[in-house]
Amino acid sequence: MNPSGARIVGSDLMADLRAFITGATRNTRRSHLDIGLARVALSLLKTLPASREAVLEYFCSLFDEVVGRYIENVEIAIKRGSKDTDIELSAQEESIVAEVHNVLCDFVSSSPEAWAPIISKWSLQLLGEISSRFAGRATHSGVLSQSLQLWMSCRATRSLIDITTQCLSCLMDFDTESCINALLDTCVTHSPHFDWVVAHVGSCFPRTVMTRVLAAGLKDFCSNQQGPKAPKLNSVVQILGYLAGSHSCDMRRALLQQFQWSLERPKVTDPVTTHQQNSTVPFLLQLASMSTTLLRSLSMDVLHTLTPKVLSQLAEQSADWLSYYGGREAFQDLLVHLVLRCPTGAPTILSLVLDCAAPPSPNLLPTTPEEIVVQKNGQEFLELFLQELSLLLHRTEGLIPCLGSFREELKIVLPLLLSPLRVRVQTALRLIGFLGLHSPSVFPYAIAYVLVNAKTENHLSVIAKLLENQASTNGSAKKPNRTSLPMEHSNVLQLGLEQALHNKDDKPSARDVWKNLSTLLRWERSGKLRNHSQPVLKAVYGTIGTACSALGSSVDPDLAHAVSETLVLALVQEPGENPTSVTPPSMQDALRLAHSTVAYFFMCIENEDDSKGFEGCVLACKLLSRLSLRSSGARALALRTLLELSLFHGPTHLFGANDLVNEETLTAEETDLRIMEENLKQGLSWVLAQRHSSVFHAGVIGSGLRALKKKNTTPPSLIHRNTQLLLNAIRSCCVSNAILDPSAMEPGAATLSLSTVISVSLLLVELISPDVMYNGLPWPDEDGCKATVERDCFIRRKLEETPIMWEILWFIALHRPALCYCSVLLRAVTATLIAQWGSCSQHRDSSLLPTTVRLLSLLALGQLLPSPLSSLRDVIPHLKPPEVVQILRDCVWNYMRDHVPAPDLFASDAHGNVWRDSTQDFPGPQYTETLRLIMLANIESLGVLYAQLFNQ
1 MNPSGARIVG SDLMADLRAF ITGATRNTRR SHLDIGLARV ALSLLKTLPA SREAVLEYFC
61 SLFDEVVGRY IENVEIAIKR GSKDTDIELS AQEESIVAEV HNVLCDFVSS SPEAWAPIIS
121 KWSLQLLGEI SSRFAGRATH SGVLSQSLQL WMSCRATRSL IDITTQCLSC LMDFDTESCI
181 NALLDTCVTH SPHFDWVVAH VGSCFPRTVM TRVLAAGLKD FCSNQQGPKA PKLNSVVQIL
241 GYLAGSHSCD MRRALLQQFQ WSLERPKVTD PVTTHQQNST VPFLLQLASM STTLLRSLSM
301 DVLHTLTPKV LSQLAEQSAD WLSYYGGREA FQDLLVHLVL RCPTGAPTIL SLVLDCAAPP
361 SPNLLPTTPE EIVVQKNGQE FLELFLQELS LLLHRTEGLI PCLGSFREEL KIVLPLLLSP
421 LRVRVQTALR LIGFLGLHSP SVFPYAIAYV LVNAKTENHL SVIAKLLENQ ASTNGSAKKP
481 NRTSLPMEHS NVLQLGLEQA LHNKDDKPSA RDVWKNLSTL LRWERSGKLR NHSQPVLKAV
541 YGTIGTACSA LGSSVDPDLA HAVSETLVLA LVQEPGENPT SVTPPSMQDA LRLAHSTVAY
601 FFMCIENEDD SKGFEGCVLA CKLLSRLSLR SSGARALALR TLLELSLFHG PTHLFGANDL
661 VNEETLTAEE TDLRIMEENL KQGLSWVLAQ RHSSVFHAGV IGSGLRALKK KNTTPPSLIH
721 RNTQLLLNAI RSCCVSNAIL DPSAMEPGAA TLSLSTVISV SLLLVELISP DVMYNGLPWP
781 DEDGCKATVE RDCFIRRKLE ETPIMWEILW FIALHRPALC YCSVLLRAVT ATLIAQWGSC
841 SQHRDSSLLP TTVRLLSLLA LGQLLPSPLS SLRDVIPHLK PPEVVQILRD CVWNYMRDHV
901 PAPDLFASDA HGNVWRDSTQ DFPGPQYTET LRLIMLANIE SLGVLYAQLF NQ
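Take 1 as the starting number for the sequence shown in full-length UniProt numbering and just add one per residue.
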């Protein structure tokens with residue numbers, strides 16, 4: 001018995017042959033499904049080589065009949081509404097198919113070289129005929145996945161596929177070419193109904209099939225210069241397309257391997273091999289033009305191996321390529337359309353073409369004839385590609401595949417915007433304009449990239465061109481849709497600015513962004529930026545919140561300086577400049593900006609670099625001036641913040657204030673002691689009737705005296721500089737609205753708003769003397785000061801600790817009658833001076849005289865004391881303490897008590913200056929007699945001054 005179970009034929013061979021011929025050719029037989037006849041046929045197949053064709057033809061009829069019955073059963077099941085295609089064969093059919101399958105597989109495994117070529121050719125032809133004969137039936141043959149499910153559910157076709165796979169696996173070792181040729185020939189004859197066989201067989205050993213199919217296809221492509229007309233080309237494309245879908249890595253590796261083989265130059269040249277190598281590139285391009293899947297595979301690995309040097313090498317082969325396509329122009333059109341259809345790798349192709357057409361470095365300029373040809377072809381190809389892309393965009397509404405690739409890999413295109421070569425910049429601009437037709441968000445992204453990375457003015461000019469492209473894109477758009485919505489220039493630039501500032505937490509890049517924005521603002525204000533809608537200014541106004549955060553941060557002073565320069569350019573309008581039509585920042589933004597500007601001002605005050613600090617303070621003053629003119633709320637907030645920080649919470653030592661000495665290290669328990677409780681331990685004298693119920697803290701029992709003030713070590717020159725800068729900042733907040741139109745101002749008119757200076761004086765009183773009781777303008781009797789002694793001491797101590805307060809009062813006094821509203825501060829200082837001078841003996845206290853002279857000078861400057869009392873500052877230095885007390889009490893206090901320092905006493909002249917009429921307010925003798933008598937008693941030192949004051 002042989003492996004199939006058939007009997008061994010010896011002398012009865014002729015009898016078996018007659019039985020087979022009789023059974024296989026009997027006209028009355030309706031079915032070939034005879035197990036005995038099948039066994040005889042299998043025996044003849046092995047023992048009688050001359051009968052092989054007849055036996056295999058019989059098996060074709062046998063399998064065809066089994067498949068036919070299967071298809072009929074499937075159609076019946078479908079009509080009944082059943083979707084199950086797993087139809088079981090009858091016992092006879094199952095037995096015959098199984099026996100034929102087993103015997104044929106045994107033949108192949110026992111003697112593959114003899115049987116595999118015969119049986120594989122038969123099985124492939126049979127599968128092709130069956131697929132074509134029953135195509136269109138059972139409604140499953142139109143889709144590959146459904147066809148696979150249908151045929152693999154049939155036992156007969158599944159057995160044939162298994163036989164074919166086993167044969168091909170044996171042939172792969174010694175006769176691969178004939179195996180693949182048989183597969184291709186069958187595919188050409190029975191395509192597309194044979195596709196399911198190719199898909200299944202190829203998935204069993206994809207790498208080998210791909211490699212051999214490519215080699216066979218190339219050979220057919222080169223044969224007789226057939227090129228695109230090669231008969232097997234469609235089959236090659238279909239097979240590789242199916243395999244590439246599920247075996248993309250193997251497909252990419254096979255394509256790369258063949259491309260690299262085309263570049264090899266063997267030592268022994270063969271004309272046929274050389275011709276195939278020279279034809280490999282057009283063959284691969286033709287495959288890519290016929291299949292998007294193969295185009296995607298080709299644009300991955302193969303594309304990345306291309307360099308200008310490789311292109312120069314391929315240029316030597318290009319003469320043989322044109323014959324396949326009918327000329328140079330047709331070949332260029334093919335390349336252009338391939339790139340347009342390329343779903344991935346288009347930016348890499350563009351970079352390669354640009355490297356050829358416009359090398360980025362002089363060292364890469366072409367030198368050889370081949371390189372010159374490559375450069376010329378690259379320039380032509382680049383222009384053809386851009387022109388064709390523009391035409392397609394205006395003819396079609398869908399997204400072109402290569403544009404999708406550019407959008408996904410936009411980071412490769414954006415660096416071209418900053419290239420020193422005009423060709424690269426123009427190419428990038430045109431591509432971004434094309435992308436903007438479908439994706440307007442590309443423009444802000446590109447602008448953000450330029451703002452972050454621009455280093456020269458040429459780089460920044462690209463932003464203007466991007467805005468122009470965006471405008472033309474909006475104008476040329478066929479119809480707006482959800483993916484293509486028109487944007488205004490301001491929106492585009494603002495979105496780009498926001499992306500540039502928020503995409504990275506990179507302070508140096510943020511610094512560069514604001515510096516570049518300043519340059520754009522200068523261009524816009526000078527008219528260099530041809531855009532009447534002022535997009536740069538609108539973009540700055542739209543990012544005020546971000547600007548405030550950067551301006552008020554002391555982490556990066558350089559970033560704050562860059563932001564301040566930009567904001568000054570945006571907010572401060574130069575004299576004679578045309579007014580802007582852009583809506584100014586909202587009230588909320590103005591308040592935030594005012595607060596941040598003050599913080600920036602104090603950061604500049606603390607800056608160790610005098611030049612940068614001074615420049616920053618100047619910029620801050622400009623900002624405060626503009627904000628104060630546009631918003632009263634911003635003015636009030638800026639003034640309050642300036643005064644609070646300079647007097648209480650800010651770097652007060654930079655303005656001459658003293659700090660506490662922290663020499664003793666107190667524990668938490670000691671620092672948490674309540675002063676009231678500690679003083680209660682000393683007795684109850686403080687609660688006696690007619691006594692002021694105040695607790696004075698001189699220290700903590702057991703811990704020594706309260707810490708003293710240490711002397712300020714800041715250089716006097718720096719204190720003076722900082723003081724002037726602070727006064728300039730306050731003055732900037734008090735600028736009058738008349739300064740907006742300098743031509744309409746009268747000569748000599750004040751540039752500061754008197755009402756704002758008055759608000760400064762009121763704010764100063766509020767901060768230093770928050771108690772509303774006894775806080776009015778009138779001066780009470782001297783005994784009335786007993787109720788305010790503690791507050792008076794606090795005010796006096798605050799003035800001594802923070803000398804900047806005197807400078808602020810001096811500034812207020814220059815703008816009469818604003819000093820009247822500081823009456824409570826002047827009264828407190830006067831009361832404390834009277835008490836201190838009264839406690840002195842005949843010896844002068846050197847610490848009291850400067851304060852007294854400063855107070856009297858302040859009263860005289862504000863015209864609160866008329867002549868001759870306005871000259872008391874010149875008299876006091878020559879008097880003894882009792883005499884000083886008499887003058888302060890009889891001349892100053894009594895006069896101020898009887899003449900309330902009211903603003904109504906002042907009047908304005910024709911130039912807007914405010915004066916007090918001294919002829920109407922000349923003090924009576926009750927206020928000057930004490931002064932006259934004391935000066936007479938000191939006539940030796942005050943003779944000249946006496947003559948000037950009393951002998952008029």
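We treat Cβ as the ideally placed atom computed from N, Cα and C, and that holds for glycine. No experiment lies behind these values; they were computed from the predicted model shown.
Neighbourhood of residue i by C-beta distance below 8 Å, restricted to the same chain and skipping five residues each side
i	result
Leu879	Ile887, Ile934, Asn938
Ser743	Its pLDDT being 46, under 50, Ser743 is placed unreliably in this model, and the coordinates cannot settle the point.
Glu457	Thr519
Trp806	Leu799, Arg854, Leu858
Proximal residues to residue i (C-beta, below 6 Å), its chain only, five neighbours per side dropped
i	result
Val373	Ala315
Thr788	Tyr774
Leu619	Ser564, Val568
Pro803	Gly656
Ser685	Residue placement at Ser685 is poorly supported in this model, since its pLDDT is 44, which falls under 50; the coordinates still yield a value, given next. So no residue of the chain qualifies.
Arg525	none
Val197	Leu127
Leu416	Arg424, Ala428
Beta-carbon spacing of residue i, residue j below 8 Å
i	j	result
Thr208	Gly245	no
Leu819	Ser871	no
Ala590	Gly633	yes
Lys232	Ala182	no
Cys60	Leu126	yes
Asn722	Ile605	yes
Phe406	Ala357	no
Val353	Phe381	yes
Ile719	Leu647	no
Leu451	Gly378	no
Met210	Leu171	no
Val829	Leu848	no
Pro535	Leu493	yes
Cys342	His275	no
Pro778	Val598	no
Leu37	Phe63	no
Leu643	Leu559	no
Val540	Thr566	yes
Ala448	Cys621	no
Ile400	Leu338	no
Ala199	Cys167	no
Leu861	Leu905	no
residue 958	Thr832	It is not possible to answer for residue 958, since the shown part of the chain is limited to 1 through 952.
Gln470	Phe443	yes
Cβ neighbours of residue i in the same chain (closer than 7 Å, five flanking residues each side left out)
i	result
Lys515	Ala562
Thr189	Gly128
Met251	Met210, Leu240, Leu243, Ala244, Ser297
Assumed close pair residue i, residue j - CB separation to whole angstroms, cut-off 8 Å
i	j	result
Ser554	Leu624	Not a contact, Cβ separation roughly 18 Å.
Glu75	Arg137	7 Å
Thr751	Ser736	6 Å
Leu124	Thr164	6 Å
Neighbour flag for residue i against chain B, beta carbons, 8 Å
i	result
Pro192	Although the question refers to chain B, the structure presented lacks it and comprises just one protein chain.
Runs of alpha helix (DSSP H) wholly within the segment 200 to 250 (minimum 4 residues, chain order):
206 to 222, 233 to 246
Can we say the segment 297 to 304 touches the segment 265 to 279, given the rule of at least three CB pairs closer than 8 Å?
no
Pair every Cβ in the segment 214 to 221 with every Cβ in the segment 248 to 262, then say whether three or more of these pairs are closer than 8 Å.
yes
Ordered list of alpha helix (DSSP H) runs contained in the segment 816 to 888, each at least 4 residues
823 to 839, 848 to 861, 872 to 875, 881 to 886
Ordered list of alpha helix (DSSP H) runs contained in the segment 336 to 399, each at least 4 residues:
346 to 357, 369 to 395
List in chain order: all unbroken alpha helix (DSSP H) runs of 4+ residues lying wholly within the segment 145 to 182.
155 to 171
Within the segment 35 to 59, note down every full alpha helix (DSSP H) run reaching 4 residues or more, in order along the chain.
35 to 47
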